[in-house]
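Q: Respectively, the protein sequence lines represent chains F, S and H. Taken in order, the first sequence gives residues 0 to 148; the numbers are from numbering that gives the first Met the number 0. Taken in order, the second sequence gives residues 0 to 630; the numbers are from numbering that gives the first Met the number 0. Taken in order, the third sequence gives residues 0 to 292; the numbers are from numbering that gives the first Met the number 0.
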Amino acid sequence: MGWFKRSPWLLHYNATSCNGCDIEVIVSLTPLYDLERFGVINTGNPKHADILMVTGSVNEKSRQVVQNLYDQMPNPKVVVAVGICATSGCVFQDCYNVLGGVDKVLPVDVYVPGCAARPEAIIDGVLKACDILDGRYRQSKNTRPAVPP
Amino acid sequence: MTALLFLILFPLAVSFLALVPPHSLAFRKAVGACVNVTLCAVPIYLLITNLERGAAYFHVESKLIDVGMLFAELFIAVFIVYVSVRAKRYIPVLLVVVQTAIMVTFEFTSGHGMQVEHSLFVDKFSIIMALIIGIIGSAICLYAIGYMPEYHEHYEEVKDRRRYFAFLLYLFLSAMFGIVFSNNLMWIYFFWEVTTVCSFLLIGYRDDKASRESAFRALNMNLLGGVVFSVGLFTLYSTSGIMELDKLLLADKGSILLPAVCFAFAGLVKSAQFPFCSWLTGAMVAPTPVSALLHSSTMVKAGVYLILRVAPVMENTVAAQMLTLVGGVSFLVTALIAISQSNAKKVLAYSTISNLGLIVACAGVNTDAAVWSAILLIIFHAVAKSLLFLCVGIIEYKLGSRDIEDMDYLILRLPKLTAIMMVGMAGMFLAPFGMIISKFVTLKAFVESTPVMAIILAYGSAATIFFWTKWMGKIISIKHGVAEVMEHRVSNWEWITLGMLAVVTVAVSLGFPFISFHVINPYLTELFGTIPVVDSFNVLMVSVIMLGLLIILPLGLLYYAFIDKNYKRVGTYLGGGNIDNTTFEGAMASVRTIELKNYYLENYFGEERLINVGVFVSLTLTFIMFGVAVI
Amino acid sequence: MNVISEAYQSWSIAERMLLFMLIAPLLGGALAGIDRVASARLQGRCGPPVLQPFFDVFKLLRKERIIVNKVQDFPIVLFLLFTIFSGALFFAGADLLLTIFSLALAGTFLILGAFSVSSPFSHLGAEREIIQMVAYEPMVILVAVGMYQVTGSFNVGAIASYQAPLILYLPGVFAGFVYILTIKFRKSPFDLSMSHHAHQEIVRGITTEFSGPALALIEIAHWYENVLLLGMVYLFFAFTPWLGLGVALATFFLEIFIDMNYARFKWQLTFLSSWLFTAVAGVSNIIVLSLMK
């Protein structure tokens, strides 16, 4: 039925980002780009969120936090890596103090490259994530195990 | 009549029996249980035999009894003087001297050769009070059997005077029965003084500095009430030759306004209304059975009982309006103060004074609806409040603290107790329990006669929501993980009592239509000739909610706790820094534990400031009340 | 309009309750959607589709159920049940005071559910919710008192069919009621305990630890409650049904407007200003009425 596509709620977390991509995410919610017309709400609470948007390449401290936040999100959920630092670490890839991208910690579903990622690209990424959400939900319904793990 | 005499004399006999050894605990427990069962059964018997009858009056050959009472009063006076002088406090001495002087003068002047037609009586209201005293009183005595051993274990420095304690408790019960069954005002006065002394001695049981302070404060205030009571008796007999309650209500109102106001004043002191509320909050140092019995369900109810009895005399006077306002001020101010208190017993004490204030206000209004809800309030409050005091008593031992802030996760540590406490607390302020019905009808009664009281009720009930919900939330907080269950050492006596009172709370809330129809309405018909019209649809809806909750709550809890397996458990949200549900990683890699505390709003509802406001306002109102009566 | 009044009179109490239970969520959800669109337009944005709240609820119902403790969702169910019950009582024409007390009971269940979780944000949200409740409760009771003074009855049916304009007798009470309505609708400046938009302060406040199905139930309960509150606004103008409906809708838009213009007050200011406003507007009205009679 596509309800996840019509009402995706975000959780935005900054893992060692320079704040450039964070600003672009916030900007997407402002009148010029207006993510809310797609029903997107930026909740600050993992328990309410469907989409986890991570900026910045993760380091040891934020690895635990990102993991914790991801665990507290109810299924179905997707992870969107915003910005090239979250995708692969960009120029900081080989640095000793970062892990080099969110996919070293979490299973990422959508990569939105850019430095900083443009709001249009972010919106595109969110909408792709919604499609994945929908597919994931349908999958879980079909293959629901008899007894939950 | 034998039932009445039995109820007055039997506890008296038991109290003297309690002083006598043998000390064997099992024997005392067995005797105690039998006594308490009897004390429950006889009022019920009284209720059943009197259901169809109206009020009944009895003549008692009273010359000997009167002399005996006089001697007993003198003995009490001497005793108080002795104890006060030994403690170097002279106000009680002064008050007792004044009181004795008044009574002696009375005996030898106008009171000489006084003939009393009916000394004892029983009507529906007395039966309700007798049921409360009998059932709740004996439940608490039963509880005390299990409680006092642990009390003395905990407080080794307190001298073990358990037999003396039991003596006082049963003596008190006897005096309470005396108050509610006496038609003779001199007798009421005598029993009144006995309760004052019992209260004084019981508060001071612990015999340390704080207890002695509180005991003497209670003594001073209650003796002041006694002095005014005796003044009232004196003026009553001198002006109109009446010494009986039923004749009081039939007499010409103008001439007996001053005595009625005196009696109402004595009632106000006994019920710890402003400006006399500090004795009750101080009395919380006493052991829990004392707080539960005297200071929430029975002795303070004696005060409002008297006010309700004499209120028809004051009807439609400025004095009655002042009485209503004193009740209203007490209700509102103490409800606000209770928000800022974190000592559990103090919260309960202030809540008690608050409810009594509401009852006093209803008495002042004195329409059929107001008295209806006043009696219902008496019943519901007595049951729920005594239950809460008993629970807090147990919690105090298990946790080692009376502070609400220490009651985190109580539902994990003391599950059954928490459940019972929730019943008690819900009984105090939530629909569909009894208090709500009473508040409902009270509001309607007030709107018709004194809109100011409706406003006070609106603010006051908001305040009560605040402190009860806060407390409820505190005790049901749950954390996942092992918590030590501490319930193993709660004695069976205590469980039986708590269970019984919880059942009674629910039963009384469910059954209030029956109580109203069979017991309260006949009384109101005698008094007013009319009964309040309670919308049957509302009653139906309230019963539906009540029954619905009774069914849904246990079923739902069972379902969610045991049957429903479709969930995934995650941690609480602590910003992603969870170590477990109550600790998180703070700055500089430190481990921090969460602390959850309630709001107390001391800046707005601080005890001192509000008490001063209340005392000032109520003193003014009391002076006006006396002023219009004297003129 | 008369057709609707006659139809209403002809239904039994049970039928009215059933109709309320079925129609109110649709109406409430639509109102919530209009709220979001209007707020967005006021901010110069497009805003979501009007049916967005329904999409949200359907999505939430499909999420996995995660919990912190096993019994936290039960009070939410009771919250919903009692909110529906209060609204049903009101629209069936039963007693206004009973509706108010039932609503207070419902609110208490929500607060207890949040307390049981014992997480800092949830706890803080619950404490603020208590403060909100204490802030508006006197005024709500005074509304009932005022209506009783004018019409002589607490019965909603009797009040609704009273032939004189209640608003003329109860202007102060109405003003006080609209003031605290902002608290009940959970709008800025009084949205202390939870926030619908991105005004966070204590994350999601009282609803922080509830997710998926429980959150959907809370949302639906709010829809029922909003319809009930607008119904109470209607009562003031019930002598002319068209006017009543119009004012109810106008009040709703006023709330949106206030929401968009103010930032959140501190709880102290909320609490004190509510009680003061109640005292000045509501109490004076009641006293004047009692002197008039």
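Glycine included, each C-beta is placed from N, C-alpha and C at the ideal position.
1) Do the segment 404-411 of chain S and the segment 347-366 of chain S meet, that is, are 3 or more Cβ pairs less than 8 Å apart?
2) Note the first and the last residue of the continuous beta strand (DSSP E) segment covering L105(F).
3) Do S289(H) and P450(S) have their beta-carbon atoms positioned less than 8 Å apart in this structure?
4) In angstroms with no decimal places, state the Cα-to-Cα distance between V77(S) and D159(S).
5) Find the residues of chain H that neighbour F536(S), judging by a C-beta separation of less than 7 Å, and give them in chain order.
6) Output, in chain order, the set of chain H residues within a Cβ distance shorter than 7 Å of Y572(S).
7) By DSSP, does W10(H) sit in helix, in strand, or in coil?
8) So Y349(S) contacts chain H; which residues on that side make the cut at Cβ distance below 7 Å?
9) Please list, in chain order, all residues of the same chain as S490(S) whose beta carbon is under 6 Å from its beta carbon, the five residues on each side excluded.
10) Between the C-alpha atoms of M545(S) and F78(H), what's the straight-line distance to the nearest angstrom?
11) Look up A145(F) in the DSSP assignment and say whether it is helix, strand or coil.
12) Kindly indicate which residue of L50(H), T150(H), L102(H) has the alpha-carbon position closest to the one of P24(H).
13) Cutting at 6 Å between CB atoms, please list the residues of its own chain near L38(S), excluding the five before and the five after it.
14) Ignore the nearest five residues each way along the sequence and tell me which others in F114(H)'s own chain have a CB closer than 7 Å to its CB.
15) Quick test of your reading: T351(S) and L279(S), contact by CB under 8 Å. State the CB separation rounded to the nearest angstrom.
16) Taking C-beta pairs closer than 7 Å, name the residues in chain S that L68(F) reaches, listed in chain order.
17) Report back the beta-carbon spacing between S631(S) and R216(S) to the nearest angstrom; my notes put them in contact at under 8 Å.
18) Leaving out five residues on either side along the sequence, give the residues of the same chain with a beta carbon under 8 Å from the beta carbon of G225(S).
19) Are at least three pairs of beta-carbons, each pair with one atom in the segment 42-55 of chain S and one in the segment 114-134 of chain S, less than 8 Å apart?
20) Along chain F, which residues have their Cβ under 8 Å away from the Cβ of P47(H)?
21) Looking at C-alpha atoms only, which residue of G28(H), F176(H), W266(H), I205(H) is the closest neighbour of L109(H)?
22) Quick check on the DSSP output: what are the complete alpha helix (DSSP H) runs of length 4 or more inside the segment 510-583 of chain S, in order along the chain?
23) Can you look up D402(S) in the DSSP assignment and give me helix, strand or coil?
24) Under 8 Å by Cβ, that's how I've got A462(S) and V144(H) pegged, so tell me the actual separation to the nearest angstrom.
25) Distance, Cα to Cα, G326(S) vs F513(S)?
26) Put F275(S) into one of helix, strand or coil per three-state DSSP.
27) For the candidate residues L16(S), S341(S), M471(S), A425(S), whose alpha-carbon lies nearest to that of T504(S)?
28) Whole angstroms is fine: what's the gap from V82(S)'s alpha carbon to Y204(S)'s?
29) Give me, in chain order, the residues of the same chain whose beta-carbon lies closer than 7 Å to that of W266(H); leave out the 5 immediate sequence neighbours on both sides.
30) Mind pulling the chain S residues with CB within less than 7 Å of M132(H)?
31) Could you confirm whether any beta carbon from chain F is found closer than 8 Å to the beta carbon of E128(H)?
32) So, N712(S) versus N67(F), is the Cβ gap smaller than 8 Å?
33) Let's see if you can read the secondary structure: which residues bound the alpha helix (DSSP H) around M421(S)?
34) Going along the chain, which unbroken runs of the beta strand (DSSP E) with 3 or more residues stay wholly within the segment 19-92 of chain S?
35) Report the three-state DSSP secondary structure of E243(S) (helix, strand or coil).
36) Please confirm if G43(H) has its CB atom under 8 Å from at least one CB of chain F.
A: Answer, in terms of the structure:
1) At 8 Å Cβ cutoff, the stretches do not touch.
2) Premise fails: L105(F) is in no beta strand (DSSP E) and is neither H nor E.
3) Closer than 8 Å, so yes.
4) Spanning the alpha carbons of V77(S) and D159(S) requires a straight line of approximately 25 Å.
5) The answer, in chain order, is A93.
6) By Cβ distance, chain H contributes S118, F120, V202, T207, E208.
7) Coil.
8) The contacting residues do not exist; Y349(S) stays about 16 Å from chain H at best.
9) Within the same chain, S490(S) has close Cβ partners G145.
10) Cα to Cα, the separation comes out at about 15 Å.
11) Confidence at A145(F) is low in this model, with a pLDDT of 48, below 50, so its placement is unreliable and no value can be given for it.
12) The residue with the shortest Cα to Cα distance from P24(H) is L50(H).
13) Taken in chain order, the residues that qualify are G133, S137.
14) H122, A125.
15) The pair is a contact, with the Cβ atoms about 7 Å apart (cut-off 8 Å).
16) Chain S residues near L68(F): G575.
17) This structure does not reach residue 631(S), given that chain S is present from 0 up to 630, and the question cannot be answered.
18) Non-local beta-carbon contacts of G225(S) in its own chain, meaning distances under 8 Å to residues more than five positions away in sequence, involve L94, Q98, Y188, W191, E192, T195, A265 in chain order.
19) Cβ pair count under 8 Å is three or more, so yes.
20) Chain-order list of chain F residues neighbouring P47(H): E35, R36, F37, G38, by C-beta distance under 8 Å.
21) Cα-wise, what sits closest to L109(H) is I205(H).
22) Listed in chain order, the alpha helix (DSSP H) runs fully inside the segment 510-583 of chain S are 511-514, 520-527, 535-557, counting runs of at least 4 residues.
23) Three-state DSSP puts D402(S) in a strand.
24) 17 Å between Cβ atoms; not a contact.
25) For the pair G326(S) and F513(S), the Cα-to-Cα distance works out to about 28 Å.
26) Of the three classes helix, strand and coil, the one that applies to F275(S) here is coil, per DSSP.
27) Distance from the Cα of T504(S) is smallest, within the candidate group L16(S), S341(S), M471(S), A425(S), for A425(S).
28) Cα to Cα, V82(S) sits roughly 14 Å from Y204(S).
29) Excluding sequence neighbours, W266(H) sits near R127, I130, L191.
30) The contacting residues are I464.
31) Closer than 8 Å: no.
32) This structure cannot speak to residue 712(S), because chain S is shown only from 0 to 630.
33) Secondary structure note for M421(S): its alpha helix (DSSP H) is the uninterrupted segment 414-428.
34) Taking 3 residues as the shortest admissible run, the segment 19-92 of chain S contains the following complete beta strand (DSSP E) segments, listed from N- to C-terminal end: 55-57.
35) DSSP places E243(S) in strand when its eight states are reduced to three.
36) For G43(H), at least one C-beta of chain F is nearer than 8 Å to its own C-beta.
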